[in-house]
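Enquirer: This is the structure, below, for whatever I ask next.
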Amino acid sequence: MAPTYHLVQSLIKSLAIMDVLADEVEGLGVTEIGDRVNMNKSTVHRICTTLVHEQYVVQDQRKGRYRLSFKLFEISRRVLNNVSPTKTVAPFLDKLVEETGESARFIVPDHDSARLIVCDEVLTSKPVQVRTHLGESVSLSRTAAGKVFLANLTDSEIKELMDDKGRKTVLDDKSYSFSQLRKDLGQVRETGYAYDKSQIDDENINNVAAPVRGESGEIVGLIDIFWPAHRGTKTTSTKYAKLVQKSADEVSRRLGYIQP
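Following this note's numbering, the numbering of the sequence shown begins with 4 at its first residue and continues without gaps.
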């Protein structure tokens with residue numbers, strides 16, 4: 004007999020409210036929240052008051068609007084810091100930024116949701132920066148990190164991923180075909196790293212990435228460097244790719260991976 008789960012409805016409602024508030028920088032009033040989550044005002048007010056008391060939500064007393072606090076960010080930061088490879092990778096990100104003068108990230112796979120999550124980042128000190136955010140997900144087909152991740156799957160596994168999570172999970176650009184993706188992934192499998200051009204906040208960027216492997220050879224993360232497209236040439240990309248690959252290989256070795 005399948006187990007019976009007794010879900011806590013008040014908690015489900017609280018999470019729904021927090022999910023709505025996550026998209027509203029200026030916050031929302033009780034009536035607006037109620038309309039979004041289909042709850043009456045008294046329920047919304049009671050839940051928001053509790054969330055304020057527990058410091059997950061803050062209230063603008065003057066406007067009567069609620070918004071999320073930074074407590075969730077603090078919790079997620081603690082989770083990310085506890086991902087074992089993160090502490091090993093950190094000094095290598097610092098070194099890459101020192102060597103290249105550009106920003107570097109450590110990205111980890113979330114296999115349950117088929118996403119890649121930015122886990123750590125070291126920014127360049129140059130005046131023109133491309134910024135990402137810790138905890139955000141990156142495209143599987145339009146970033147170097149995504150292509151490295153996919154290159155370590157078979158074609159059948161990629162198709163199974165699209166069937167299970169939806170085609171857009173892998174191919175979020177309609178102009179990018181599966182046949183073109185297969186061609187690009189073939190090149191990644193040959194070199195061991197990926198190079199890609201994409202956009203962040205309407206800024207054209209270049210990025211290169213290489214895999215970090217655990218003891219059994221599975222990808223536990225990806226290291227990438229990214230920089231504005233106007234800064235650098237094809238030679239620059241090749242140079243950075245080798246540096247990223249070297250760093251990723253060394254981190255993998257420290258995590259117990261032995262190259263065949």
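Glycine included, each C-beta is placed from N, C-alpha and C at the ideal position.
Source: prediction; values computed, not measured.
#1: Could you check whether the region 85 to 101 touches the region 149 to 157, counting it as contact only if at least three pairs of C-beta atoms, one from each stretch, sit closer than 8 Å?
#2: Given a threshold of 16 other Cβ atoms within 10 Å of its Cβ, counted over all protein chains shown, does Ala-244 qualify as buried or as exposed?
#3: With H, G and I counted as helix, E and B as strand and the rest as coil, what does DSSP make of Phe-73?
#4: Considering only the beta carbon of each residue, do Thr-135 and Glu-105 sit closer than 8 Å?
#5: Judging by CA-CA distance, which residue of Glu-218, Asn-207, Val-223 is the nearest neighbour of Phe-229?
#6: Please list, in chain order, all residues of the same chain as Tyr-179 whose beta carbon is under 7 Å from its beta carbon, the five residues on each side excluded.
#7: Can you pull the DSSP bridge partners for Leu-156?
#8: From the DSSP secondary-structure annotation, give me the bridge partner or partners of Phe-229.
#9: So what does Pro-112 bridge to, in DSSP terms?
#10: Please classify Leu-225: is it buried, with 16 or more other beta-carbons within 10 angstroms of its beta-carbon, or exposed?
#11: Could you check how far apart the C-beta atoms of Val-211 and Ala-117 are, in whole angstroms? I think they sit under 8 Å.
#12: Please state whether DSSP places Tyr-198 in a helix, a strand or coil.
Expert: Quick answer:
#1: The region 85 to 101 vs the region 149 to 157: no contact.
#2: Answer is buried; the Cβ neighbour count reaches 16.
#3: Phe-73: coil per DSSP, three-state reduction.
#4: Taking 8 Å as the Cβ cut-off, Thr-135 and Glu-105 do not qualify as a contacting pair.
#5: Of Glu-218, Asn-207, Val-223, the residue nearest in Cα terms is Asn-207.
#6: Hits under 7 Å: Ser-144.
#7: Per DSSP, none; premise fails for Leu-156.
#8: Per DSSP, the beta-bridge partners of Phe-229 are Ser-106, Asn-210.
#9: Note: Pro-112 is bridge-paired with Leu-119 in the DSSP secondary-structure output.
#10: Answer is buried; the Cβ neighbour count reaches 16.
#11: In this structure Val-211 is not in contact with Ala-117, their Cβ atoms being roughly 23 Å apart against a cut-off of 8 Å.
#12: In this structure, Tyr-198 counts as strand in the three-state DSSP scheme.
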